[in-house]
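Protein chains in written order, with the numbering used here: chain A, 16 to 338; chain B, 2 to 166. Note that the Cβ used here is the ideal one computed from N, Cα and C, for glycine as well. Shown next, in structure tokens, is the structure this report addresses.
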Amino acid sequence: MSVITRILDKNVVKQLPKRAAAYYSNKPNIEEDIGEFRVLYLKTSKAQAFTKKKYQKPEVLPPRSNEMPVDQNWGNVWPGPRTFHPATVPLPLRQGYVSKGSPPDKYANAELMKIPNFLHLTPPVIERQCAALKKFCTPWPKALSNDELCEKHFPFEVISSNYCHSSPSIRDPMARIVTIKFKLNDLKFDEKSRDKYLRLVGDRYNSETGYVTIVTDRCPTQKQNYDYAMYLVTALYHESWNVEAWEELKTEADMEKYIWENNESKKSVEKLFGKNSEDIAESKQYANAVINFMNEGESDYTLANYGDSVRILLGLPAKTNVL
Amino acid sequence: MSLVNLKQILTKCSLQQTQRSLLHTTAICNRVQSGRYRITAKKDFPLTYEMANPPHQIAHRKSWNSWNTSNLQGGLRSSETAVEDMFIRKFMLGTWHGLFVSEIIVKRQHNMIRVAGIIRQSISPRKVYFLIGYSEELLSYWLQCPTKIELQTVADRKDVIFKYI
């Protein structure tokens, strides 16, 4: 108990006069501000009662759109993307649904603030920005005036996508995918390597358009996938030109289709005429007829075709219908 | 009624119903209450346009309060965006205490976050400028995205009232 009283005594009782003095001396004195300095009153009187400063509401200016000239430069008023503000846009806009009557106007209309606006991209502004960017542009090369020329000079088409998200990250896993397209005819092949190439690429070759499409997405970045795709293109090409030792062992029985040059038919024609098949004028159509006959199988058409070609080769009169 | 009696009745009921209740053709939630307001007796409960339209009117009569690509199909970091948006709302409501008279709209474009809304003109413009700078600075630091606060002011709370129910 004694401890408490002592603390009380120390803190409260002793400081009482001091506090009172501080309180009085801080009181504002309104009436007698004489001269340069205020007068310090140690004792209060009713005359110098504390008057609270009246709060003045800040003046609210009328909407800016009221003062806008008709021929103002709108691009300077609304230079960039921004949320709709009714006091800045001098248009009588309305937004919202009301069953009866007109929709709510632009003031205090949250719906107008939600929707994205393109007030910063008005046609004159776009025109101005394009004009400003024009000095950085170069003319399109004349040598690439049409699509055929482009394809001729740049046979490889590399397709990759970048994605824009509304997020702090610019990464998107889809951006890693790289697609490479090119025409098979742009690569140099012989019969055998072409066949091998087609076997290697499988369904990546579209026989209707003649395009080979390679899609790579196994690496984590676009650059790596592009490099891998280019590696694939190179490796496929060179691999298709490779000839293994065992491929030489392929006999006529292993052929997947009939090739006239390798067969008895050519030898017998050469024997018959006593010269090379290239020198015989009619050998070409004869060879085609035989190839068709062997590859497509025996049918009325191929058979008749074969008969005709033999007649031409041997210089016999054309077949007449015997009744 | 004793407990045993009750049990018997219940088992009877369930036995009868099992035959029928295997297939439900009606929706489970017949009573949906969120975002809807009850009509008061005096018809003096104020509603803003946002409150006056229930959630099923979103994209018909009113639009979303959060605009981002995470909500779209295949959008990335949807959970993070939702949590961040909620955080922004909480922060704004607390910082601008009792000042917002509309929902807080959070719009995202690339890494930019735009926070929009309607406030009352009850504090001095100086304080409003301070709070704008303060909120922008802190939100940009926390979310690591440039944040912009784009506000509209109204003189009176009643300016945003759409109807009374």
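How is phenylalanine 99 of chain A classed by DSSP in three states: helix, strand or coil?
Looking at phenylalanine 99 of chain A - three-state DSSP - the assignment turns out to be coil, as it is neither helix nor strand.
Let's see if you can read the secondary structure: which residues bound the beta strand (DSSP E) around alanine 117 of chain B?
Element bounds for alanine 117 of chain B: 113-121.
What span of residues does the beta strand (DSSP E) with phenylalanine 204 of chain A cover, start to end?
No beta strand (DSSP E) contains phenylalanine 204 of chain A, which DSSP labels as neither H nor E.
At a CB-CB cut-off below 8 Å, which residues of chain C make contact with alanine 147 of chain A?
You won't find chain C in this structure, because its protein chains are A and B.
For arginine 186 of chain A, verify whether its CB is less than 8 Å away from any heavy atom of the ligand ADP.
The ligand ADP is absent from the structure shown, which contains no ligand whatsoever.
What residues from the segment 77-106 of chain A come within 9 Å of chain B, judged by C-beta to C-beta, listed N to C?
Of all residues in the segment 77-106 of chain A, Pro96, Arg97, Thr98, Phe99, His100, Pro101, Ala102 have a Cβ within less than 9 Å of some Cβ in chain B.
If the cut is a Cβ gap below 7 Å, which residues of chain B does proline 183 of chain A touch?
Going along chain B in sequence order, the residues near proline 183 of chain A (Cβ under 7 Å) are Asn112, Gln145, Cys146.
Taking C-beta pairs closer than 8 Å, name the residues in chain B that aspartate 201 of chain A reaches, listed in chain order.
Those within 8 Å of aspartate 201 of chain A in chain B number zero; the least Cβ separation is about 35 Å.
Would DSSP call tryptophan 155 of chain A helix, strand or coil?
Residue state, collapsed to three classes: coil.
Can you tell me whether threonine 236 of chain A is buried or exposed? The criterion is at least 16 other CB atoms within 10 Å of its CB, across all chains shown.
Threonine 236 of chain A comes out exposed.
Cβ closer than 9 Å: which chain A residues qualify as neighbours of tryptophan 65 of chain B?
Within 9 Å Cβ-Cβ: Lys129.
Between glutamate 285 of chain A and the rest of its own chain, which residues show a CB-CB distance below 7 Å, the 5 nearest in sequence each way excluded?
Within the same chain, glutamate 285 of chain A has close Cβ partners Asn291, Ser292.
Using 9 Å as the threshold, is the C-beta distance between isoleucine 106 of chain B and threonine 98 of chain A below it?
Closer than 9 Å, so yes.
Return yes when the Cβ of aspartate 45 of chain B is within less than 9 Å of the Cβ of tyrosine 195 of chain B, no when it is not.
Residue 195 of chain B is absent from the model: chain B starts at 2 and stops at 166.
State yes or no: is the C-beta of alanine 333 of chain A within less than 9 Å of the C-beta of asparagine 320 of chain A?
Contact: no.
Round the Cβ separation of leucine 100 of chain B and arginine 121 of chain B to the nearest angstrom and send it over; I've been treating them as touching at under 8 Å.
With 8 Å as the limit, leucine 100 of chain B and arginine 121 of chain B qualify as a contact, their Cβ atoms being about 5 Å apart.
Is lysine 149 of chain A helix, strand or coil when you go by DSSP?
Lysine 149 of chain A: helix per DSSP, three-state reduction.
If we require 4 or more residues per run, which alpha helix (DSSP H) segments fall completely within the segment 118-149 of chain A?
Those alpha helix (DSSP H) runs which fall completely within the segment 118-149 of chain A and span 4+ residues are 125-129, 138-148.
Give the range of the alpha helix (DSSP H) segment to which glutamine 145 of chain B is assigned.
First-last for glutamine 145 of chain B: undefined, no H or E at that position.
Less than 8 Å between the CB atoms is what I'm expecting for proline 96 of chain A and arginine 109 of chain A, so what's the real figure, rounded?
Actually they do not touch by this definition, with Cβ atoms about 22 Å apart.
Quick one: complete alpha helix (DSSP H) runs, 4+ long, within the segment 268-331 of chain A?
Complete alpha helix (DSSP H) runs here, min 4: 279-288, 298-311, 315-329.
Could you give the DSSP three-state label for arginine 37 of chain B: helix, strand or coil?
Residue state, collapsed to three classes: coil.
Could you name each continuous alpha helix (DSSP H) segment of 4 residues or more that falls completely within the segment 224-261 of chain A, going from the start of the chain to the end?
Runs found: 237-256.
Write down the C-beta distance between valine 173 of chain A and isoleucine 141 of chain A rounded to the nearest angstrom, noting that I regard them as a contact closer than 8 Å.
Wrong, their Cβ atoms sit about 30 Å apart, outside the cutoff.
Could you please give the first and the last residue of the uninterrupted alpha helix (DSSP H) stretch that includes serine 79 of chain B?
Element bounds for serine 79 of chain B: 79-96.
Quick check on the burial criterion: 16 or more other C-beta atoms within 10 angstroms. Buried or exposed for lysine 63 of chain B?
Buried is the call here.
Quick check on lysine 108 of chain B: does DSSP put it in helix, strand or coil?
Reduced to three states, the DSSP call for lysine 108 of chain B is strand.
Measuring alpha carbon to alpha carbon, tell me which of B:Ile162, B:Ser67, B:Trp97, B:Ala53 ends up nearest methionine 87 of chain B.
The residue with the shortest Cα to Cα distance from methionine 87 of chain B is B:Ser67.
Given that a residue counts as buried once 16 or more other Cβ atoms are within 10 Å of its Cβ, and exposed if not, what is arginine 191 of chain A?
Arginine 191 of chain A comes out buried.
At least one CB of chain A closer than 9 Å to the CB of histidine 1 of chain B: is that the case?
Coverage of chain B is limited to positions 2 through 166, which leaves residue 1 of chain B absent and any answer about it impossible.
What would DSSP say about isoleucine 47 of chain B, mapped onto helix, strand or coil?
The question names isoleucine, but residue 47 of chain B is proline in the sequence shown. If DSSP states are grouped into helix, strand and coil, proline 47 of chain B belongs with the strands.
Determine the burial state of arginine 90 of chain B: buried for a count of at least 16 other Cβ atoms within 10 Å of its Cβ, exposed for fewer.
Buried.
So, is the C-beta of valine 102 of chain B closer than 9 Å to a C-beta in chain A?
For valine 102 of chain B, the answer is yes, since a Cβ of chain A falls inside 9 Å of its Cβ.
If you reduce the DSSP assignment to three classes, tell me which class lysine 167 of chain A lands in.
Lysine 167 of chain A: helix per DSSP, three-state reduction.
What do you reckon, are the CB atoms on arginine 109 of chain B and serine 184 of chain A nearer than 9 Å?
No; because the gap between Cβ atoms is not below 9 Å, this pair is not in contact.
If we cut at 9 Å on Cβ distances, does isoleucine 119 of chain B have a partner in chain A?
Isoleucine 119 of chain B counts as touching chain A.
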